[in-house]
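Below is one structure; the comments refer to it alone.
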Amino acid sequence: MKMFEISLLNSGYGKLHILNDVSLTCGTGDLVAVLGPNGSGKTTLLNSIFGFADIFSGAIRFDGQDLTHLASNKISGRGVGYTMQIYNIFSALTVGENLRISAAMAHVPDPKKSVSNALEIFPRLKNFLDRRADTLSGGERQMLAMSITLVKGPKLMLLDEPTGGLSPLYTSKIIETAGQINRDLGVSIILVEQNVRKALEVAKKAYLLVSGKIIFEGTPSELLAKEDLLKLYLGAMRV
Amino acid sequence: MILQDVILFALELFAYIAIYLIVNEGLNIQLGVTGVTQFGLVFSVSGGAFTAGYLATRLGVWVFHVNTGGLDFINGNIVLTTEVNSFTKSQPLNGFFLLLLVLIAAAVVGAVLGIISSVPAINLRADYLGITLLAFGEILNTFGTAYTPLIGGPPGVIVPDVWAWAGGSRFAASTLTLMVLAGVAYLYIEYVIRTPLGRTLRAIRDNEVAAQSLGKNLPRCRLQAIVIGSVLASMGGALFVLYAGSVTPSFTRYTWTFIPWLMLLLGGLGSNVGTLVGTTAWFTIYDLILYYKYALQGVLPFDVVWLNYLLLGVVVMLILIFRPQGLIPEKPLRTGREKKSSTQ
Amino acid sequence: MALFEPITVAQALIFASLLSLMGVGVTLLYKTTKVPNFAHASFVTLGGYVNFSLIAAFHWNPYLGLPVAFVVVGGESLLLFFLVLEPLRKRKSSVALLMIATLAWHITLLGFLGAYADSLQTFLRVPTRNVVLSYLDFTFGGLPGIFFVSITVTLVAAVALYFAIERTTIGIALRASMENQNLAESVGINTTRMLGIAWFLAAGLAGVAGALLPMWTLLNTSSGDTLIAAMFCVSIVGGLETLYGAFAGGVILALAQIVGTTMLANLVGVWLTGYEPVVPLLLMSIVLLTNPKGVGGMSVWKRLKR
Numbered sequence: 145m146k147m148f149e150i151s152l153l154n155s156g157y158g159k160l161h162i163l164n165d166v167s168l169t170c171g172t173g174d175l176v177a178v179l180g181p182n183g184s185g186k187t188t189l190l191n192s193i194f195g196f197a198d199i200f201s202g203a204i205r206f207d208g209q210d211l212t213h214l215a216s217n218k219i220s221g222r223g224v225g226y227t228m229q230i231y232n233i234f235s236a237l238t239v240g241e242n243l244r245i246s247a248a249m250a251h252v253p254d255p256k257k258s259v260s261n262a263l264e265i266f267p268r269l270k271n272f273l274d275r276r277a278d279t280l281s282g283g284e285r286q287m288l289a290m291s292i293t294l295v296k297g298p299k300l301m302l303l304d305e306p307t308g309g310l311s312p313l314y315t316s317k318i319i320e321t322a323g324q325i326n327r328d329l330g331v332s333i334i335l336v337e338q339n340v341r342k343a344l345e346v347a348k349k350a351y352l353l354v355s356g357k358i359i360f361e362g363t364p365s366e367l368l369a370k371e372d373l374l375k376l377y378l379g380a381m382r383v
Numbered sequence: 009m010i011l012q013d014v015i016l017f018a019l020e021l022f023a024y025i026a027i028y029l030i031v032n033e034g035l036n037i038q039l040g041v042t043g044v045t046q047f048g049l050v051f052s053v054s055g056g057a058f059t060a061g062y063l064a065t066r067l068g069v070w071v072f073h074v075n076t077g078g079l080d081f082i083n084g085n086i087v088l089t090t091e092v093n094s095f096t097k098s099q100p101l102n103g104f105f106l107l108l109l110v111l112i113a114a115a116v117v118g119a120v121l122g123i124i125s126s127v128p129a130i131n132l133r134a135d136y137l138g139i140t141l142l143a144f145g146e147i148l149n150t151f152g153t154a155y156t157p158l159i160g161g162p163p164g165v166i167v168p169d170v171w172a173w174a175g176g177s178r179f180a181a182s183t184l185t186l187m188v189l190a191g192v193a194y195l196y197i198e199y200v201i202r203t204p205l206g207r208t209l210r211a212i213r214d215n216e217v218a219a220q221s222l223g224k225n226l227p228r229c230r231l232q233a234i235v236i237g238s239v240l241a242s243m244g245g246a247l248f249v250l251y252a253g254s255v256t257p258s259f260t261r262y263t264w265t266f267i268p269w270l271m272l273l274l275g276g277l278g279s280n281v282g283t284l285v286g287t288t289a290w291f292t293i294y295d296l297i298l299y300y301k302y303a304l305q306g307v308l309p310f311d312v313v314w315l316n317y318l319l320l321g322v323v324v325m326l327i328l329i330f331r332p333q334g335l336i337p338e339k340p341l342r343t344g345r346e347k348k349s350s351t352q
Numbered sequence: 148m149a150l151f152e153p154i155t156v157a158q159a160l161i162f163a164s165l166l167s168l169m170g171v172g173v174t175l176l177y178k179t180t181k182v183p184n185f186a187h188a189s190f191v192t193l194g195g196y197v198n199f200s201l202i203a204a205f206h207w208n209p210y211l212g213l214p215v216a217f218v219v220v221g222g223e224s225l226l227l228f229f230l231v232l233e234p235l236r237k238r239k240s241s242v243a244l245l246m247i248a249t250l251a252w253h254i255t256l257l258g259f260l261g262a263y264a265d266s267l268q269t270f271l272r273v274p275t276r277n278v279v280l281s282y283l284d285f286t287f288g289g290l291p292g293i294f295f296v297s298i299t300v301t302l303v304a305a306v307a308l309y310f311a312i313e314r315t316t317i318g319i320a321l322r323a324s325m326e327n328q329n330l331a332e333s334v335g336i337n338t339t340r341m342l343g344i345a346w347f348l349a350a351g352l353a354g355v356a357g358a359l360l361p362m363w364t365l366l367n368t369s370s371g372d373t374l375i376a377a378m379f380c381v382s383i384v385g386g387l388e389t390l391y392g393a394f395a396g397g398v399i400l401a402l403a404q405i406v407g408t409t410m411l412a413n414l415v416g417v418w419l420t421g422y423e424p425v426v427p428l429l430l431m432s433i434v435l436l437t438n439p440k441g442v443g444g445m446s447v448w449k450r451l452k453r
């Protein structure tokens, strides 16, 4: 059985039904890419895992445990981290406080060590520890958002469009760092991305989500071969 | 209870329902239809009430050419009002004319107060707006208490009885008048809801951005809703004073803001029928409880009036938690353009 | 008559302290729950009657009961939060409905307090209305004890609040919850518990202010109602979004009310004092209409505050 499994998930917001019978798996150490056009439900998928969307039916299992109706604040304690798409840092807190609170809530044995470990991956943040998070640039904020998740030492990281609105330089860096985290630290990653080429470079498996339904599941090379799907849903190959 | 008592009880009940219905329609157009967090309804109600208190005797003296003999309207309040009453007693038309004048004055004051209230509504959001309007509401009562020439300070003043001509049937005549006026208020708001303005107001309530994108002048529409509401509330306040026969600076946010909200919540926000149902239902419940409450007085170690407060608060919380849509949920407006059902 | 009497300044400082204790709670609750809390009025009154009960029934020293008032009122506010507000918030109720809910709770508590005060009077045979306890106070250097106690309590509260919120982990968790509930939950913070803590603190401080009230002026079941406009004024003038602004707001309102009206009354006439209730309303309206962010939002503050 895979480490992480979503089975036949139907979810949305209130009366709005967004995901239809969505199933997805992620094995230990895998990096799974979830691609799709805007509005297809990618963020809803990740939100559902954390209880920020309403689950109508279906199941979510991680490490043999049922997460489906677990309280939002207990999920990260099970080893799943979520780097959201927007509003993913505490702008009123300093960079240091952002990391500190995440480490404290994760009940890691040595919070200071966890923070410095995370800072090894994004050394640039070391200069900003005492600065308010809202003084950071876009790319730096993204790094901070990912660090907040990393500090907990998660087994599975959910990354929602970490390159949104970033320059090409930062885009490459972020996705490469994601790959690095996956390879070197063994953290499984579910990566939701608009940047198809970069995401497929680091992914082991890919899903294509369109209008709330999974219409493709397979390896990156299999997806790249399906030109009709690429053209239809993902536009021309995005650099 | 003998028949006479029952009739009087019923007449008084309907009078208060009528008065509150007028005030509540004033709240409905602002809160239910337009979504304005009008926590300052008492501003308009007390405005109309104090207008009646200040002007009723003066208007009577002016219209009926009463010789004041240099008497002050506050100190000579009882004498002068009794003089005016002798005119309203002799001819129904006199009474109704005076009533009309007072209502017009209250309407004007209501419009002015409405314009003042709409200033914060231009760009404050719901929570800030609610607090600001609440603050406004308290101001008039303070003036009423501190500025004696207005309505005689804490003891207040009496006003002419515009139904004095009815003699023994005064309560029947007044209740009937009030019910007719309440009916007019209710129908008027029904009408407003169906006009283009009414639809715009509902659009503002439901989705302000969308309403704005349609090119409507939002602040102006909101102003209209607030002014209409304020005028109605003000007239309600004036009628309350005329019915009671006197006015004191006792217009609190509980009686004239919280309770109207309660009635609207009970009936269902937005639905005009709901306003009617809520007002009637609440008074019925309340009066029933009042009746049995006095049986408890003396048994309990405290004044039974505190049970009122407990009841009010608990009822509202129960409504909010268990049935926030009220008794009559709002129905979508029919514009006559719906497709016929496909049974062909 | 001198325009600027020292006794008036002392009165103003006492008033400022009490107002700050009340106002900081209003601001804290607004920042965390996004709702202006009308029930704050009854928090104050409840605190007053808790302390008064201890004094009347057990002859406690009037200042000994402050911690009790803190805990009782803090606990009572949790009832409001968990029983009434949380269900509404989960349902994403509008701010207007939440405000009415707090007002409804306040009215319920008014009924309870009225009944309680009546019953207390029946059983203890002491008057429980227009309660004045200043005769129990000590004097020091010609000034009443309440002067020293209220200022000390306020300063201690301000410092303690600052340290708790800015320097502890729980404080960071609280600030995180105030800013972004979902994000806080995603990092493992139980935001409901954080909000509960905020309610307990805010209400507790209001309760302490209420307990101190009869040492300075009188205590009635309507005391909270009389002061609610002032509480909101303090919070708004200080800036509803700025926690420590409430302390500035308290000073400003107290000065405006006591020093201002007293001074003006000396100049213009005693009748002016009848309009004293209008001061907070006017101040509040002016701030809301010209600069809703209040004193705390102004750029000077931005550099000082977090």
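Chains as they are written, first to last, in the numbering used here: chain B, 145 to 383; chain X, 9 to 352; chain F, 148 to 453.
Note that beta-carbon positions come from the ideal geometry of N, C-alpha and C, so glycine has one too.
Within the segment 323 to 334 of chain F, Ala-323, Glu-326, Asn-327, Asn-329, Leu-330, Glu-332, Ser-333, Val-334 place their CB atoms closer than 7 Å to a CB of chain B, listed in sequence order.
At a cut-off of 9 Å between beta carbons, Tyr-231(B) contacts chain F. Taken atom to atom, the span from the alpha-carbon of Ala-251(F) to that of Asn-184(F) is near 11 Å. Neighbourhood of Tyr-302(X) in chain F, by CB distance below 8 Å: empty, with the nearest CB roughly 16 Å away.
One Cα belongs to Leu-79(X), the other to Val-69(X), and the distance between them is close to 11 Å. Below the 9 Å Cβ cutoff, chain B contributes Ile-245, Ala-248, Met-249 as neighbours of Ala-320(F), in chain order.
Across the segment 335 to 354 of chain F, CB contacts with chain B closer than 8 Å involve Gly-335, Ile-336, Asn-337, Thr-338, in sequence order along the chain. As the crow flies, the alpha-carbon of Leu-189(B) is around 27 Å from that of Ser-241(F). In the DSSP annotation of this structure, the continuous segment of the alpha helix (DSSP H) that includes Glu-233(F) starts and ends at 233 to 237.
When secondary structure is reduced to three states using DSSP, Gly-194(F) falls in the helix class. In this structure, the alpha-carbon of Ala-177(B) lies about 12 Å from that of Asn-326(B).
For the segment 281 to 297 of chain X, the set of residues with a beta-carbon nearer than 9 Å to any beta-carbon of chain F is empty. Contact annotation for Thr-269(F) against chain X: Pro-309, Phe-310 [CB-CB distance below 8 Å, chain order]. Residue environment analysis places Tyr-194(X) among the buried positions, since at least 16 neighbouring C-beta atoms fall within 10 angstroms of its C-beta. Cα atoms of Thr-286(F) and Gly-292(F): separation of roughly 5 Å, rounded to the nearest angstrom. With its beta carbon at least 9 Å from every one in chain B, Thr-155(F) lies outside the interface.
Between Gly-152(X) and Pro-268(X), the CB-CB gap reaches or exceeds 9 Å. Along the segment 298 to 317 of chain F, going in chain order, the ones with a CB nearer than 8 Å to a CB of chain B are Thr-316.
Sequence-distant partners of Gly-283(B) (beyond 5 residues in either direction) whose C-beta falls short of 6 Å from its own C-beta, in its chain, are Leu-310, Tyr-314. Counting only Cβ-Cβ distances below 8 Å, Gly-308(B) has no contacts in chain F at all, with the closest Cβ about 16 Å away. Here the alpha carbon of Ser-246(B) sits roughly 13 Å from the alpha carbon of Ile-219(B). Asn-149(X) sits in a helix when the DSSP states are folded into three classes. Using a C-beta cut-off of 8 Å, the segment 182 to 202 of chain X makes no contact with the segment 294 to 302 of chain X, since fewer than three inter-stretch Cβ pairs fall below that distance. Think of a sphere of 8 Å around the beta carbon of Ser-216(B): the chain F residues whose beta carbon falls inside it are Asn-329, Glu-332, Ser-333, in chain order.
Boundaries cannot be given for Arg-222(B), as no alpha helix (DSSP H) includes it and DSSP labels it neither H nor E. Annotated as distal: Ser-189(F) and Leu-267(F), with beta-carbon spacing of 9 Å or more. Listed in chain order, the positions of the segment 253 to 268 of chain X with a beta carbon within less than 8 Å of a beta carbon of chain F are Tyr-262, Phe-266.
For Glu-149(B), the enclosing beta strand (DSSP E) has its first and last residue at 148 to 157. Under the three-state reduction of DSSP output, Ile-336(F) falls in the coil class, being neither helix nor strand. Apart from sequence neighbours up to five positions away, the residues of its chain that approach Lys-178(F) with a beta-carbon distance below 6 Å are Met-325, ordered along the chain. Cβ contact annotation for Leu-231(X) (same chain, cutoff 6 Å, sequence separation greater than five): Ser-126, in chain order.
Around the beta-carbon of Pro-157(X), fewer than 16 other beta-carbon atoms lie within 10 Å, marking it exposed. Looking at Gly-240(B), Lys-159(B), Thr-212(B), Gln-324(B), the one whose alpha-carbon comes closest to that of Ser-260(B) is Gly-240(B). Looking at the DSSP output, Tyr-351(B) shares a beta bridge with Val-178(B), Glu-361(B). Between Ala-349(F) and Gly-194(F), the beta carbon gap of about 12 Å keeps them out of contact (Cβ cut-off 8 Å). Burial check for Met-145(B): the Cβ neighbour count within 10 Å stays below 16, so the residue is exposed.
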